[in-house]
Amino acid sequence: VFENVSTAPADIIFALTAAYKADTDPKKVNLGVGAYRTEEGKPWVLPVVHKADHIMVDDDNLDHEYLPILGLEQFRKASAKLILGADSKAIAEGRVGAAQCISGTGAVYAGAHFLSKHYPFKGAACYISKPTWANHRAIFEGVGIPVLEYPYWDPETKGLDLKGMLGAMEAAPSGSIFLLHPCAHNPTGVDPTPDQWKQIADVMEAKGHFTFFDTAYQGFASGSLDKDAYSVRYFVERGFEMFIAQSFSKNFGLYSERAGNLTIVARTPEIKNTIESQIAKAQRAVISNPPAYGSRVVSLVLNDEKLYGEWEENLSTMANRIIDMRQALFDELTALGTPGSWKHIVDQIGMFSFTGLTTPQVKVLKEKYHVYLTDNGRISMAGLNTKNVKYFAQAVDDVVRN
Ligand code: LMR
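Heads up, the sequence shown is in full-length UniProt numbering, so the first residue is 4 and it goes up one at a time.
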């Protein structure tokens, strides 16, 4: 019965990891997936997570019973507090809800699915930044919401195209859905300034657009968890209703544990309860209830002052190594006199750099130099270290010149 089904294309990011693993060249470099690596190029179990692992092993009260459909209560509360702030008025007013989901992807899905069923502006499109994380389009289209793009990256300035972005928001029909990255934009590493966020909020408000934030990199942008939540808290202060998808894959290094949360900021406590009930109903049909392990780790750390402090230190270790690699790459390219300006490498923030390398150049990097990165020229800075940064810079120098 399935002979007419066509083969789906492989996922670009996971296909890159597989190609890298299959490559036997010792010089190979993986700058594809956004996953932290140590100076030795190895995955890192955060020391605070290691500690939490041990606390859990020794805890005889833990079992493997089902979690509630919306997940672990302490995790949901702590996740909402992490992004909205301990002093959030919206939390105090009882209009903030949360659903534990299958990491960031699951949280975007849960919110998108809810909108596909219950958003009152029928046929409204979701606008995603051009470019954005590839899964955004797939998730929204998957639930039947049309996807359109708003300008974001300006290739001339290698910075934010604010004019284009605001123009698209103005032009979109009232009540459109806008997917925004609160910090450390994936893939560009370019974030709006507070003043630019104000201009964005002004248009979003005037047009009655719905705000859907997706944050996977809180703690990687400014060096402060609170500062990285600036845009979200500012929008909440201004009275926006919104969804915020949160991933703990990167900032806790819990990639495979799928720890994520959908924070819901509703107009009233009653509406919050209604939204949660619908998300619970939908979640039951898809995953029944979320996995416990990752959420227990996150919950332990977020709810313990001492462990929280240790987590902040671990986060700085990751963020600072990435900053050092930005500088090292910039210095190498400058020393080589590689044509073009490379200042954006040090100006951009978060885990990625949007290099400006073209798809044909990326192809040569892959085939001749065994360097793996996405076709749009995005590199995961965490894949660089003091041993391979020179090699990578020389490879870039070659592809840019030829
Ligand atoms: C990435 O952008 O590389 C990560 O978010 C991994 C993923 O799921 O695509």
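Glycine residues also receive a C-beta, built at the ideal position from the N, C-alpha and C atoms. On a predicted model such as this, the values are computed, not experimentally measured, just so you know.
{"Query": "Limits of the unbroken alpha helix (DSSP H) element including residue 362", "Result": "362-372"}
{"Query": "The segment 320-328 in contact with the segment 163-178 per 3-pair CB rule at 8 angstroms", "Result": "no"}
{"Query": "Near the ligand LMR: residue 16 beta-carbon under 6 angstroms from a heavy atom", "Result": "yes"}
{"Query": "Best match in 24, 26, 11 and 56 for proximity to residue 302 [C-alpha to C-alpha]", "Result": "56"}
{"Query": "Contact check, residue 39 vs residue 331, beta carbons under 7 angstroms", "Result": "no"}
{"Query": "Same chain, Cβ closer than 6 angstroms to residue 136, neighbours up to 5 away in sequence not counted", "Result": "189"}
{"Query": "Pair within 7 angstroms by beta-carbon distance, residue 187 and residue 359", "Result": "no"}
{"Query": "First and last residue of the uninterrupted alpha helix (DSSP H) at residue 302", "Result": "296-305"}
{"Query": "Proximity below 7 angstroms, CB of residue 110 to CB of residue 248", "Result": "yes"}
{"Query": "Beta-bridge pairing of residue 381 - partner residues as DSSP gives them", "Result": "357"}
{"Query": "Beta-carbon proximity list for residue 204, same chain, < 8 angstroms, skipping 5 on both sides", "Result": "237, 238, 241 and 243"}
{"Query": "Assigned exposure category for residue 409 - 16 Cβ within 10 Å defines buried", "Result": "Residue 409 cannot be examined here, being either before or after the span of the chain that is shown, 4 to 405."}
{"Query": "Range covered by the beta strand (DSSP E) that runs through residue 100", "Result": "99-105"}
{"Query": "Residue 167 and residue 154 closer than 7 angstroms at C-beta", "Result": "yes"}
{"Query": "Residue 220 classed as buried or exposed, judged by whether at least 16 other C-beta atoms fall within 10 angstroms", "Result": "buried"}
{"Query": "Spatially closest choice to residue 294 from 52, 105 and 87, by CA coordinates", "Result": "105"}
{"Query": "Whole beta strand (DSSP E) elements within the segment 245-299, 3-residue minimum", "Result": "245-250 and 262-268"}
{"Query": "For residue 345 and residue 337, the rounded distance between their alpha carbons", "Result": "8 angstroms"}
{"Query": "Cβ-Cβ distance between residue 376 and residue 34 below 7 angstroms", "Result": "yes"}
{"Query": "Sequence-distant residues of its chain with Cβ nearer than 8 angstroms to residue 58 (five each side left out)", "Result": "303"}
{"Query": "Run of the beta strand (DSSP E) containing residue 153, from where it starts to where it stops", "Result": "150-154"}
{"Query": "Span separating the alpha-carbon of residue 289 from that of residue 119", "Result": "15 angstroms"}
{"Query": "Residue 264 versus residue 102: straight-line alpha-carbon distance, rounded", "Result": "6 angstroms"}
{"Query": "beta-carbon residue 36 near the ligand LMR non-hydrogen atom, thresh 6 angstroms", "Result": "yes"}
{"Query": "Closest Cα partner of residue 84 within the set 99, 142, 382 and 128", "Result": "99"}
{"Query": "CA nearest to the CA of residue 86, picked from 232, 197, 53 and 201", "Result": "232"}
{"Query": "Those residues which DSSP pairs with residue 163 across a bridge", "Result": "156"}
{"Query": "Beta strand (DSSP E) segments (min. 3 residues) lying fully within the segment 173-216", "Result": "180-183"}
{"Query": "Whether residue 139 touches residue 182 by CB criterion (7 angstroms)", "Result": "yes"}
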